[in-house]
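A.B. asks:
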Amino acid sequence: MNKTAQIFSERALKRGGLYLYSRSDAMEYILACQVEKIHLLGIDGFRLTGDTTQPSMNNSVDFSSSFFEEDIYKYALAFLVKQPEELFFEIVFE
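Residue numbers (this note's numbering): 70 to 163.
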């Protein structure tokens, strides 16, 4: 786990081995990744209930494709702004 991941792990909701972040924490995490030049591979959205963690492909984005040439951090932030506040997000990085 890199330094940035360690810092943000304290803010995460841990479920089923996943580190899940509120939308605002996910956005701060993306900004920290940009500063540290940590390459993002994707963002996975999840709907949570008291005892379930449901992945939402409609609220996820994959940056691992070589076809993605845009500013990933800018795109990631724009993506998160559009997401419902009640979702939680896993940040996937190299």
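Just so it is clear, CB atoms sit at the ideal spot from N, CA and C, and this is done for glycine as well.
Small disclaimer: the values here were computed from a predicted structure and weren't measured.
What's the C-alpha gap between ALA74 and LYS151?
C.D. replies: Cα-Cα distance, rounded: 24 Å.
A.B. asks: Around the Cβ of ASN71, are there at least 16 other Cβ atoms within 10 angstroms (buried) or fewer (exposed)?
C.D. replies: It is exposed - the Cβ of ASN71 has fewer than 16 other Cβ atoms within 10 Å.
A.B. asks: Mapping DSSP to helix, strand and coil, what is MET70?
C.D. replies: Coil at MET70, not helix or strand.
A.B. asks: Runs of 3 residues minimum, wholly inside the region 110-145: which ones carry the beta strand (DSSP E) assignment?
C.D. replies: Listed in chain order, the complete beta strand (DSSP E) runs (minimum 3 residues) inside the region 110-145 are 122-131.
A.B. asks: Residues in the same chain with beta-carbon distance under 6 Å from PRO124, minus the five sequence neighbours each way, listed in chain order, please.
C.D. replies: For PRO124, where only same-chain residues beyond five positions count, the Cβ hits under 6 Å are PHE115.
A.B. asks: Starting from ILE107, trace the alpha helix (DSSP H) both ways and give me its first and last residue.
C.D. replies: Where ILE107 is concerned, there is no enclosing alpha helix (DSSP H), given that its DSSP letter is neither H nor E.
A.B. asks: Excluding five sequence neighbours on each side, which residues of the same chain lie with their C-beta closer than 7 Å to the C-beta of LEU82?
C.D. replies: Result list for LEU82: LEU89 and PHE157, in chain order.
A.B. asks: Do you know whose CA, among THR122, LYS106 and GLU159, lies nearest ASP140's CA?
C.D. replies: Nearest of THR122, LYS106 and GLU159 to ASP140, Cα basis: LYS106.
A.B. asks: Look at LEU110 and SER133 and say whether their C-beta atoms are less than 8 Å apart.
C.D. replies: Yes, they are a contact pair.
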